[in-house]
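K.L.:
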Amino acid sequence: MRTAVKTASRNASRTAAGAGEGAGARTGTRTLRAGSVLSLRFRPRALVAAAVCLLAALAAGVVTIGSGDYPMSPAEVLTTLTGGGTPAQDFIVNELRLPRVLAALLVGASLGLAGAVFQSVVRNPLGSPDMLGITQGASTGALLVVLAGGSSAALAGGAIAGGLLTGLLIYALAWRHGTHGYRLVLTGIGVLAMLTGVNGYLLTRGKLMEAARAVLWITGSLDGRGWPELTPLLIALAVLGPVTVLGCGRALRMTEMGDDAAHALGVSVERARTTALGSAVVLVSFAAACAGPVSFVALTAPQLAKRLTRAPGPNLLPAACMGAAVLVTADWAAQNLFTGRQIPVGVVTGLLGGCYLVWLLATQRKAGRI
Amino acid sequence: MNTHAVVRDLHGPRAPRTPGQDIAPVGHPQDGAERMTQGNHRDHGAPAAGGTRLSGEGLTLAYDRRTIAEDLTVAIPDHSFTVVIGPNACGKSTLLRALSRMLKPAAGAVLLDGRDISSANAKQVARTLGLLPQSSVAPEGISVSELVSRGRYPHQSLLRQWSAEDERVVAESMSSTGVAELADRSVDELSGGQRQRVWIAMALAQQTPLLLLDEPTTYLDLAHQIDILDLCARLHQEEGRTLVAVLHDLNHAARYATHLIAMRDGRVVASGPPERIVTAELVEEVFGLPCRVIDDPETGTPLVVPAARRGAAPASRRRPVTPPDPSALPARTPVPPRRTVRSAGGRA
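Chains as they are written, first to last, in my numbering: chain A, 9 to 378; chain B, 701 to 1048.
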């Protein structure tokens, strides 16, 4: 089988005289063809962006593992990770620190992916799950469990149930001949306001110990996360990640042109959208169950990824990689930048995300878009 | 029957019927004509001799509980440039939505090649029937060539994302709509007329024998409206596609259409070639607008000149036995004085 990688410009000049440079050079896409059956189209820039984000996330992870009360060099960390360390190093790296970093990677990737899906469906950068009340719903579920004195596992279950129920509620309220973007945003904001009130009320009802535990959880923290917290999220992402990226990515890209246009092109709009939104809600809920409602990652990661790839479309894979990079880096900062004591990662992402949001609005205003 | 001859002339050489469409064309046109005569309406040799790959049969169209049309039957003659006209809210866009399976009829069925379109595979339909919707959004920063290449979606799959054929068709579509030079420009920076050409190029890249256009000239200035309609007429004539467009301007419709469907209140009032059906009575009946119908001096097609409102022109201008002063006519039908010579004396 003959495999040929060629820029589309060569092909275009053959087929369309006078078409100038050719589609590939213009749109920054490359095509990989094998015979007449297989042809893959990709943007080198988007792939490189995703790869760079992923590498940055992994590098930050190695650095994070090596930092702390028992500092290790990246080389030592890598040796230990591959099974070559001393028993002490092995315990510190593989038992204590690796799960936390893995949790950061998975939570970040889930939030980035879910955020990209939501922003694509809603057609608005502000349409991220934490703006629409999904994460608040997870908090409500978790708070109810905390106030009832439930275990950590029960807390995670409460968070997942809360997130999923909120997602269903928003979908049911916003559903009318398909979920329209604005309707989804407005409904979500209403639900968010409601749940914020409920959460505030629940916090005042708790006893001091419970309230302290609840507040720490609500901020979003990766402290003390181990394999039991990690595994459900790992499974969810392993299943729903490919479903979303491979199964819905192309259809979502089409729906950005409007439902009618996508429909006319043979996209099963409602099916793709329901699948993608459902997966995103599940991912956000599981991520919240693992690390609490870490704020702003779902909002910022897809936007940052989009600016790196400069590509239209939901940019699902780059957004997931960017989310992982952002959260691992934020967790490193939360552990090391503030002297005295560690702070929850949610504080860092909140600060960074807030600054980013203001910057986004300021620059978009200059560009005349908002 | 001379109406057949008219239809044949207008539609040009007829392509051979594709197999599998024998079911649809035989019964429906007659059925449609019957319904319309029952309702005391005119049908002048509508989809007479040709086939109809696309037809609506006894359609009841409704949004929620608001019914737009009941028991509506239409047939789109193959290789025609069919234009649907009618006043606002007469259901013409709704009909187009139903024909393109955007709206599922509450009763009745839309048949494409004899099969109910709602039960057909979405991508398969999209390879036969294209639609240029009114409400398309160009994603931010997307380039012209990239937007046009999205028209290839129904021909693609996860493993077949961008074949050499896709590339060829996209380049062809861009050059036949005259946007090839704009290929690497961002769609955001184009003018309204250019943008509409790009969307049409995208629909062309879909390579469908049937193409529906929902008000393709809305929001464009007069020159660009004509430009887009000329383009549509060329696509119809040169490539033998069946075009169905919803248009607001009756004179544009009469000039470009080979088959006209006039609707009012969710009913088809008349259908057929414009020369046969566009009369002052029809316009009055469909739009409630008193008018005269004269020959378009450019094309010989019917030209609708709305009647001047009584007392609209100042007294000083009102001279006996002169053609109506063009400046007294509503602005949307500018008629140079020479065009009215033929009907001089018709109205004082």
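Using N, Cα and C, we set each Cβ at its ideal position, and we do this for glycine too.
1. To the nearest angstrom, how far is the alpha carbon of residue 358 of chain A from that of residue 172 of chain A?
2. Please return the same chain residues whose Cβ sits closer than 6 Å to the Cβ of residue 51 of chain A, not counting the five positions on each side in sequence.
3. Name, please, each residue of chain A whose Cβ falls closer than 7 Å to the Cβ of residue 840 of chain B.
4. Starting from the beta carbon of residue 39 of chain A, find every residue of chain B whose beta carbon is closer than 7 Å, and list them in chain order.
5. On the criterion of 16 or more Cβ atoms from any shown chain inside 10 Å, does residue 888 of chain B qualify as buried, or is it exposed?
6. If you check the beta carbons only, do residue 899 of chain B and residue 947 of chain B fall under 7 Å apart?
7. What residues from chain A crowd round residue 823 of chain B, counting only those whose CB sits closer than 8 Å?
8. Using the Cβ count rule (16 or more neighbours within 10 Å means buried), how would you classify residue 314 of chain A?
9. Would residue 117 of chain A pass as a contact of residue 328 of chain A if the rule is Cβ separation under 7 Å?
10. Taking CB distances under 7 Å as the criterion, tell me whether residue 831 of chain B reaches chain A.
11. Between the segment 962 to 969 of chain B and the segment 916 to 934 of chain B, can you find at least three pairs of beta-carbon atoms closer than 8 Å?
12. From residue 835 of chain B to residue 268 of chain A, what distance separates their C-alpha atoms?
13. Note down, one range per segment and in chain order, each alpha helix (DSSP H) of at least 4 residues found wholly within the segment 954 to 985 of chain B.
14. Consider the Cβ of residue 58 of chain A: report whether some Cβ of chain B lies at a distance smaller than 7 Å.
15. Quick one: is residue 138 of chain A near chain B, going by C-beta distance under 7 Å?
16. If we ignore side chains and look at the alpha-carbon of each, how far apart do residue 997 of chain B and residue 990 of chain B end up?
17. Between the segment 257 to 272 of chain A and chain B, which residues of the former have CB atoms less than 7 Å from a CB of the latter, in chain order?
18. Which residues mark the beginning and the end of the alpha helix (DSSP H) in which residue 160 of chain A is found?
19. Within this structure, are the beta carbons of residue 230 of chain A and residue 77 of chain A separated by less than 7 Å?
20. I'd like to know if residue 360 of chain A contacts chain B, where contact means its C-beta is closer than 7 Å to some C-beta of that chain.
21. Nearest by alpha-carbon distance to residue 354 of chain A: which of A:119, A:238 and A:291 is it?
22. State the DSSP-derived secondary structure class of residue 842 of chain B, mapped to helix, strand or coil.
23. What residues from chain A crowd round residue 800 of chain B, counting only those whose CB sits closer than 7 Å?
24. Which residues share a DSSP beta bridge with residue 653 of chain B?
25. Does residue 803 of chain B get closer than 7 Å to chain A when you measure Cβ to Cβ?
26. Between residue 287 of chain A and residue 248 of chain A, is the Cβ-Cβ spacing less than 7 Å?
27. Please report how far the alpha carbon of residue 295 of chain A lies from the alpha carbon of residue 289 of chain A, in whole angstroms.
28. With a CB to CB cut of under 7 Å and the five nearest residues on each side skipped, what residues in its chain are close to residue 169 of chain A?
29. Looking at chain A, is there any beta carbon in it that lies within less than 7 Å of the beta carbon of residue 755 of chain B?
30. As a quick exercise: from A:92, A:224 and A:323, pick the residue whose alpha carbon is nearest that of residue 257 of chain A.
31. Under the three-state reduction of DSSP, which class applies to residue 49 of chain A: helix, strand or coil?
32. Pull up the distance between the alpha-carbon of residue 361 of chain A and that of residue 126 of chain A, whole angstroms please.
33. Would DSSP call residue 252 of chain A helix, strand or coil?
34. Could you tell me whether the segment 65 to 82 of chain A touches the segment 103 to 112 of chain A, using the rule of 3 or more Cβ pairs below 8 Å?
35. Out of A:158, A:167, A:199 and A:160, state which residue places its alpha-carbon closest to the alpha-carbon of residue 178 of chain A.
P.N.:
Per the coordinate set shown:
1. Spanning the two alpha carbons is a distance of roughly 23 Å.
2. 36, 37 and 319.
3. The answer, in chain order, is 320.
4. Within 7 Å Cβ-Cβ: 862.
5. By the beta-carbon neighbour count (other beta carbons within 10 angstroms, threshold 16), residue 888 of chain B is exposed.
6. With a cutoff of 7 Å on beta-carbon distance, residue 899 of chain B and residue 947 of chain B are scored as not near each other.
7. Neighbours of residue 823 of chain B on chain A, chain order: 274.
8. Answer is buried; the Cβ neighbour count reaches 16.
9. Going by C-beta atoms, residue 117 of chain A is nearer than 7 Å to residue 328 of chain A.
10. Under the 7 Å criterion on CB atoms, residue 831 of chain B is classed as interfacial with respect to chain A.
11. No: the two stretches stay apart, fewer than three of their Cβ pairs being nearer than 8 Å.
12. For the pair residue 835 of chain B and residue 268 of chain A, the Cα-to-Cα distance works out to about 7 Å.
13. Taking only runs of at least 4 residues, the alpha helix (DSSP H) segments lying wholly in the segment 954 to 985 of chain B are 974 to 977.
14. No, its Cβ sits nowhere closer than 7 Å to a Cβ of chain B.
15. At a cut-off of 7 Å between beta carbons, residue 138 of chain A makes no contact with chain B.
16. Cα to Cα, the separation comes out at about 21 Å.
17. Of all residues in the segment 257 to 272 of chain A, those with a C-beta nearer than 7 Å to a C-beta of chain B are 262, 264, 265, 266, 268, 269, 271 and 272, reading in chain order.
18. First-last of the alpha helix (DSSP H) with residue 160 of chain A: 160 to 182.
19. In terms of Cβ geometry, residue 230 of chain A and residue 77 of chain A do not form a close pair [threshold 7 Å].
20. With 7 Å as the cut-off, residue 360 of chain A does not count as an interface residue toward chain B.
21. Among A:119, A:238 and A:291, the Cα nearest to that of residue 354 of chain A belongs to A:119.
22. DSSP places residue 842 of chain B outside both helix and strand once states are collapsed to three, so it counts as coil.
23. Within chain A, the C-beta atoms nearer than 7 Å to that of residue 800 of chain B come from 272, in chain order.
24. Only positions 701 to 1048 of chain B appear in this structure, which leaves residue 653 of chain B out of reach.
25. It does not: the Cβ of residue 803 of chain B has no partner Cβ on chain A nearer than 7 Å.
26. In contact: residue 287 of chain A and residue 248 of chain A (Cβ atoms closer than 7 Å).
27. Going by the C-alpha atoms only, they are around 10 Å apart.
28. Only 149 meet the Cβ criterion.
29. Among the residues facing chain A, residue 755 of chain B is not included, as its CB has no counterpart in that chain under 7 Å away.
30. It is A:323 whose Cα lies nearest to the Cα of residue 257 of chain A.
31. Residue state, collapsed to three classes: strand.
32. Distance from the CA atom of residue 361 of chain A to the CA atom of residue 126 of chain A, rounded to whole angstroms, is 17 Å.
33. In the structure shown, residue 252 of chain A sits in a helix (DSSP, three-state: H, G or I).
34. They touch, by the three-pair rule.
35. Of the candidates A:158, A:167, A:199 and A:160, the residue whose Cα lies closest to the Cα of residue 178 of chain A is A:199.
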